[in-house]
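Novice: Counting in this note's numbering, the sequence shown runs without a single skipped number right up to 403 at its last residue.
The beta-carbon is built from N, C-alpha and C at its ideal position, and this holds for glycine as well.
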Amino acid sequence: MKKFEFIYSDIKNRIEMGEYSVGTFLPKENDLADYYSVSRETLRKSQNKLEYEGYIKKIHGQGAKVLDFSKLAINTSTITSFSQLSNRYNGELQTKVLKHRTDYLNPDDFGYDDVKEAPGISLERVRTWKNEAVLFDKDFFLLSEIVDDIPEEYLLTSVYDYFEKVKGLKISFAQKDITIEKPTKEVQLLLDLGQDTHVAVTRSKVFLENANLFQIHEAYQKVDTFHIFDIAHR
């Protein structure tokens, strides 16, 4: 294991165990570099990974602030696969496939006026976390780009692993829209909402390196597990 990976894992564990509590700041860079006997550059690589995964937020002139990792952190500036999200939460996220079939895209289903009708693979999956159904995903993958069906074993882990590692597709960027909405009857039945009256909804169009539309994604998530973060630069 590389030094920066060890430091990342150690600080991550300390955050999860409460040694570094939410809202506090990590020790100063120089102090941490001395503690781990590494350069500040190596330490920054560790902190960059922690920030990318939503554990900390680096604030200029103040340091690295510990964020609330107990929610499913979604980085709006990146495209994150389910396996990456699951690994971040130590495999506690589980998947149940509700629908997997060849279908014909109806643009009205996703509310995009600029999306044309096309054949593809329609997926619907429910994600459970800590034995609660917290996330309902609806995906449509265009057959013009993925060519054929998705093997069953990838539906429970990561379809992106299949597309990128097996098919060699270059997934490049996404346009995302995030809102808070009242759940439909379908969402109410699928998620463990309890007394919740609203859900967080993420709608995305995902494109390949050649700028061709590849996927339309819609996710409904319990608001008490939802947390988004971004890294903005000026």
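(1) Do the region 361–375 and the region 385–395 make contact, defined as three or more Cβ pairs closer than 8 Å?
(2) Excluding five sequence neighbours on each side, which residues of the same chain lie with their C-beta closer than 7 Å to the C-beta of S373?
(3) Let me make sure I understand the geometry here. Which of K265, F309, F310 has the alpha-carbon closest to that of T326?
(4) Assuming A233 and Q216 form a contact by the criterion Cβ under 8 Å, report the distance between their Cβ atoms to the nearest whole angstrom.
(5) Would you kindly report the start and end of the unbroken beta strand (DSSP E) that includes S190?
(6) Going along the chain, which residues of its own chain have a beta-carbon closer than 7 Å to the beta-carbon of K351, five neighbours each way excluded?
(7) Could you tell me which of I290, K339, T394, L377 sits nearest to I349, measuring between CA atoms?
(8) Give, in chain order, every unbroken run of the beta strand (DSSP E) that is at least 3 residues long and sits entirely within the region 272–305.
(9) Please report the straight-line C-alpha distance between L360 and W298, rounded to a whole angstrom.
(10) If you compare alpha carbons, which of L212, I184, T193 is closest to K172?
(11) Return yes when the Cβ of E286 is within less than 8 Å of the Cβ of Y273, no when it is not.
(12) Taking only runs that begin and end inside the region 333–367, name each unbroken beta strand (DSSP E) of 3 or more residues, in chain order.
(13) Between H269, K181, G223, which has its C-alpha nearest E169's C-alpha?
(14) So, using beta-carbon positions, are G289 and L267 closer together than 8 Å?
(15) For I319 and R209, what's the separation of their Cα atoms in angstroms?
(16) Measure from the alpha carbon of S178 to the alpha carbon of each residue in V303, Y329, I347, E222, then state which is nearest.
(17) Using three-state DSSP, classify Y224 as helix, strand or coil.
Specialist: Per the coordinate set shown:
(1) Contact holds: three or more Cβ-Cβ distances are below 8 Å.
(2) Within the sequence shown, residue 373 is the residue found at index 204, counting from 1. Within its own chain, the residues whose Cβ lies closer than 7 Å to the Cβ of S373, once the five positions on either side in sequence are excluded, are A343, Q344, K345, H386, listed in chain order.
(3) Mapped onto the sequence shown, residue 326 falls at position 157. Per the Cα distances, K265.
(4) Reading the sequence shown from its first residue, position 64 is the one you call residue 233. Reading the sequence shown from its first residue, position 47 is the one you call residue 216. A233 to Q216, Cβ: 6 Å. Contact.
(5) As a working mapping, residue 190 is identified with position 21 in the sequence shown. Boundaries for S190: no beta strand (DSSP E) harbours it, and the DSSP string shows neither H nor E there.
(6) Taking the first residue of the sequence shown as 1, we reach residue 351 at position 182. Correct list, in chain order: T366, H367.
(7) Indexing the sequence shown from 1 puts residue 349 at position 180. Closest by alpha carbon: T394.
(8) Those beta strand (DSSP E) runs which fall completely within the region 272–305 and span 3+ residues are 288–298.
(9) Residue numbering aside, residue 360 sits at position 191 when the sequence shown is read from its first letter. Residue numbering aside, residue 298 sits at position 129 when the sequence shown is read from its first letter. The alpha-carbon of L360 is positioned some 11 Å away from that of W298.
(10) Counting from 1 along the sequence shown, the entry for residue 172 is found at position 3. Across the set L212, I184, T193, the C-alpha of L212 shows the shortest separation from the C-alpha of K172.
(11) Mapped onto the sequence shown, residue 273 falls at position 104. Mapped onto the sequence shown, residue 286 falls at position 117. The answer is yes: Cβ separation under 8 Å.
(12) Whole beta strand (DSSP E) segments, 3+ residues: 340–350.
(13) The shown model of the chain, from 170 to 403, leaves out residue 169, and the question about it has no answer.
(14) Sequence index remark: in the sequence shown, residue 289 carries index 120 (1-based). Sequence index remark: in the sequence shown, residue 267 carries index 98 (1-based). No. Outside cutoff.
(15) In the sequence shown, residue 319 corresponds to position 150, counting from 1. In the sequence shown, residue 209 corresponds to position 40, counting from 1. If you take the alpha carbons of I319 and R209, they lie about 44 Å apart.
(16) The count along the sequence shown starts at 1 and reaches residue 178 at position 9. The shortest C-alpha separation from S178 is found at E222.
(17) On the sequence shown, residue 224 is found 55 positions in, with the first residue counted as 1. Residue state, collapsed to three classes: coil.
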